[in-house]
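Each remark here refers to the structure printed beneath this line.
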Amino acid sequence: MSSESKEPELMQKIVSLCKRRGFVFQSSEIYGGLKSAYDYGPMGVELKRNLMNEWWTFMVTSREDVVGMESSIIMHPSVWKSSGHLSNFTDPLVDCLLCQERFRADKAPRLAQGQPAPITLADKGRAKLAEEKLKELLGEGGTVKRDGSTLHGAVAGDRGYVCANCGSPFLSAERDFNGMFRTSLGPVDPIKSVIDAVRQGVADGKTDRELRALAEEAMAPSSVYLRPETAQGMFVQFQNVQQSQAIKVPFGIAQMGKSFRNEITVEHFIFRSCEFEQMEMEFFVPPGEGPKYLDYWKDQRISWWQSIGLSKEKLSFRKHDEAELAHYSDGTFDVEYEFPWGWDELEGIASRTNYDLTAHMNGSGKKLHYFDPEATDPETGKPGYRYIPHVVEPAAGATRGTLAVLCNAYHEEVDEKGETRVVLKLHPRLAPYKVAVLPLVKKDEQLVARGRQIAERFFQAGIAARYEDQNTIGKRYARHDEIGTPYCLTIDSQSLEDGTVTIRYRDDRRQERIPLESAVEVVQAALRTGKL
RNA sequence: GCGGGAAUAGCUCAGUUGGUAGAGCGCGACCUUCCCAAGGUCGAUGUCGUGGGUUCGAGUCCCAUUUCCCGCUCCA
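Under the working numbering, residues -9 to 522 are what the first sequence spells out, in order.
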């Protein structure tokens, strides 16, 4: 591929800018940092919040068929049982005793008991080390023959599978790995009852697997989970929302907020982290209309990503194929963005049939039907149609979106003097500051006073503005280029005479003189239209 | 999780065979300066990621650990 060597460099520059200018910091940095946890600095919180506000405006405020809500992060554990997250989200993980690889037992290569299990290591050196280990494991009876980096002599055990990496049948016990963060609700620490249960189990001569079950059972009464997605909150409250709002299907419920997943691997800065922020909407439709609304929301969502400034050519849909498709979905598309490391998911748009509401009906025993008195029941042909709504879900990542916006906005430009300028070409509505007010020089008290006066007008108008008189004017322009401030207003001696100021445009650095009075309006217009 | 690389000032990095911690940029004050990181003077900033070990002495060597990056793997 063509341009890969440059890409990690670009990512590093963005990470560096994020720290330097106060967008994103490593969490708990003074203690050595915490894996995959990031804090948003003064610029980052504005950017992320602006992005999320744009989503909310687009999805909720500006239309009549979607309403919002905010559910709690910790919900009744049965929610996750019904949704399938407790069982499906749990994977049996196994460690290879020879090559240390950790893999999912259910995805490992199958091999019947007694079959020869050749073991292939990455290179000869590792193979020699593994050879010694294998001899130990096989004991007296076994013979090991090494052929380059491949070892012969082992046979598959009763597991029915071998190591996904090297082919070894010598594996640790299967351990369940659940993607959800578990914690306990209530003031009583469950560890005491776990110890008691296990102690009794040991006395009774229970196996490891049985002891584990006993421990789980002892923890169960207080176990709760941090939500791995916001979606379930909308499903569980479907009826309350629908009835309290007297809203008719088709309609949607939207929610933004934090979700948590114990990711096995985290990568790409804030792209994949254990704690992340989602913007999800569940759109409830009559049976059979899922595909129609899937198309509709695909269009809506891609146009939204474009409207906040992501380049058209860096956005695309990827259709989930048969194998990838979740068992309940009859159609899913990812909105992908071309990040510096390649195409990756920004949002998933899924037609989920009536899986979710049905699951919660079965789990809770409560009816989650919708009754449409105006429609005709297709089965009986009689007026009045009672059904479990189907769902189309556009589920976007706010954290990922923020990173995509940063990547898309980052530009390096060489000016006429050969100096490199770094500029974040953010959509004005996303920019942390909308305008910087800059007296040309600090020494002139009149310029300073006038500058503060102008800044005050912006604060009065509720526009995020920044007054600055430190450093030379060039440095201030450069700093605001780097944080994406679309406009700089400069007050000079002429301003004192004729009441005009210089407005400098971030993207092309052009300057114009405008009457001081119209400054606020110019910025407001840009926020409305999105154009500088 | 595996394999590879890395961690020194806010940022980018130098630091020789182990011998008192450096540069550029940035930051602060002052001077100069009326438009794009200018110049001058002065100044502040480091547990050399963390914890052990070897040594008379460790940024440098060894072990462990944390974090980041790259490649696999994983992502209901």
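Quick reminder that beta carbons are idealized off the backbone N, C-alpha and C, glycines included.
Helix, strand or coil for residue i per DSSP?
i     : result
C89   : coil
W331  : coil
E(-6) : Residue confidence for E(-6) is low, a pLDDT of 35 falling below 50, so the modelled location carries little weight and cannot support an answer.
E507  : helix
D488  : helix
I339  : strand
G58   : strand
H470  : helix
M246  : strand
H401  : strand
T389  : helix
G280  : helix
I453  : coil
Y21   : helix
V152  : coil
P82   : strand
A102  : coil
Q501  : strand
T197  : coil
S26   : coil
Y360  : strand
K309  : strand
L161  : strand
V395  : helix
L414  : strand
Out of the options, state which residue places its alpha-carbon closest to the alpha-carbon of residue i.
i    : options                   : result
G74  : W287, F274 and H317       : H317
A112 : E369, P106 and T140       : T140
T348 : R466, E279, F225 and E257 : F225
K531 : S18, Y151 and A386        : Nothing about residue 531 can be reported from this structure: the residues present for the chain run from -9 to 522 only.
I473 : V425, T490 and E511       : V425
V239 : Y345, D148 and V275       : V275
R494 : I504, L486 and D488       : I504
L393 : V35, S68 and R308         : V35
H310 : Q296, T492, E335 and E328 : E335
N168 : W70, G191, T197 and G131  : W70
Q222 : K372, S6 and M65          : M65
N352 : S68, F241 and F273        : S68
Q450 : H359, E511, L416 and Y28  : E511
G147 : S61, L37, P108 and K282   : P108
M269 : E(-1), R136, Y28 and M49  : M49
C89  : D179, E312, H417 and R116 : R116
G338 : E314, L416, N344 and L358 : E314
E406 : A365, I243, E502 and D498 : D498
F93  : V56, G12, D166 and D289   : D166
T343 : L24, R10, E60 and S319    : S319
Answer yes or no: do residue i and residue j have a C-beta to C-beta separation smaller than 8 Å?
i    : j    : result
V427 : A454 : no
R466 : E458 : yes
E325 : R376 : It is worth fixing the name first, because residue 325 is Val in this sequence and not Glu. Not closer than 8 Å, so no.
A154 : E91  : yes
G523 : L284 : What the structure shows of the chain is the stretch from -9 to 522, and residue 523 is not part of that stretch, so it cannot be assessed.
V134 : L119 : no
V382 : G280 : yes
T389 : F266 : yes
P476 : P418 : yes
N40  : L358 : no
P422 : L175 : no
F250 : F171 : yes
A236 : G58  : no
Who are the Cβ neighbours of residue i in its own chain at under 6 Å, not counting the five residues just before and after it?
i    : result
E164 : P82, V84 and A95
M1   : P330
D367 : Y375
M246 : M42 and M269
Leaving aside the five residues before and after residue i along the sequence, list all residues of the same chain whose C-beta is less than 8 Å from its C-beta, in chain order.
i     : result
R262  : S26, E253, T255 and V256
T410  : E402, E403 and V404
K(-4) : Legend: pLDDT at K(-4) = 49, less than 50; position of this residue unreliable, value from coordinates given subsequently. The answer is none, since no qualifying residue turns up.
Leaving aside the five residues before and after residue i along the sequence, list all residues of the same chain whose C-beta is less than 7 Å from its C-beta, in chain order.
i     : result
S508  : none
S(-8) : Annotation note: pLDDT 30 at S(-8) (below 50); position unreliable, no value reported.
V188  : L201, L204 and A205
N398  : G299, L300, S301 and K304
S162  : V84, D85 and L87
P384  : M271, W287, R291, E337 and I339
- Query: Is there contact between the region 230 to 241 and the region 202 to 220, where contact requires at least three CB pairs shorter than 8 Å?
  - Reply: With the rule of 3 Cβ pairs closer than 8 Å, the region 230 to 241 does not count as touching the region 202 to 220.
The region 203 to 212 contacting the region 101 to 109, beta-carbon criterion three pairs below 8 Å:
With contact defined as three or more Cβ pairs closer than 8 Å, the region 203 to 212 and the region 101 to 109 are not in contact.
(request) Would you be able to state if there are at least three C-beta pairs under 8 Å between the region 428 to 437 and the region 468 to 488? (result) Short answer: they touch.
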